[in-house]
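Right, one structure below, let's go through it.
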Amino acid sequence: MLKGNRTKPDYSGVPSAVFTVPELTRVGMLEQDAREAGHDIRVVENDTGDWYSNLRVGESCAATKVIIDKDSDTILGAHLLGPEYGEIINFFGLAIRLGLTTSDLKKMVSVYPSVGSDLGSMLS
């Protein structure tokens, strides 16, 4: 601090969450921001309320929206509403920070029926 800050912080891939019931989370760009930045995007939206990982905890209000760059197949943003989605948003943050593709994320193997096991389906 005394010598001045010479390093710029990297805030890419830093997720945020509102711990309501269900949890509301996000990381990265909004759809409009991605379009305005000139990205050719694919938007994947899912109503996940009837997915087993949510039903097993008695939650039927859940949805996901993932913004993907078509050219690089990387995640630009993710917006999730659902139980335990405060944990799953961390994977999207890591993907943004490391430049992982949706193909990379779909290769992840998670315990079932955890919410992490839904990650690949959230991208399709």
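Residue numbers (my numbering): 101 to 224.
Cβ coordinates follow ideal geometry from the N, Cα and C atoms, glycine included.
Given the structure is predicted, the values throughout are model-derived calculations rather than measurements.
Quick one: give me the first and last residue of the beta strand (DSSP E) that Gly-182 is part of.
Walking along the sequence shown from the start, residue 182 turns up at place 82. Taken as a continuous stretch (DSSP letters only), the beta strand (DSSP E) holding Gly-182 covers 175-182.
Assumed close pair Pro-115, Gly-193 - CB separation to whole angstroms, cut-off 8 Å
Locating residue 115 in the sequence shown gives position 15, where the first residue counts as 1. Locating residue 193 in the sequence shown gives position 93, where the first residue counts as 1. Pro-115 to Gly-193, Cβ: 4 Å. Contact.
Could you please give the first and the last residue of the uninterrupted alpha helix (DSSP H) stretch that includes Asn-190?
The sequence position of residue 190 within the sequence shown is 90, counting from 1. Residues 185-198.
With respect to the alpha helix (DSSP H) encompassing Asn-154, which residues constitute its N-terminal and C-terminal limits?
Taking the sequence shown and counting its residues from 1, the one referred to as residue 154 is at position 54. Asn-154 -> alpha helix (DSSP H) spans 152-155.
Hey, would you say Gly-177 sits closer than 7 Å to Ile-189, going by beta carbons?
Within the sequence shown, residue 177 is the residue found at index 77, counting from 1. Within the sequence shown, residue 189 is the residue found at index 89, counting from 1. Taking 7 Å as the Cβ cut-off, Gly-177 and Ile-189 do not qualify as a contacting pair.
Leu-181, buried or exposed, once every other Cβ within 10 Å from all chains shown has been counted against 16
If you number the sequence shown from 1, residue 181 lands on position 81. By the neighbour-count rule (16 or more Cβ atoms within 10 Å), Leu-181 is buried.
For Gly-128, the first and last residue of its enclosing alpha helix (DSSP H)
For this step, residue 128 is matched to residue 28 along the sequence shown. No alpha helix (DSSP H) contains Gly-128, which is instead part of the beta strand (DSSP E) from 123-128.
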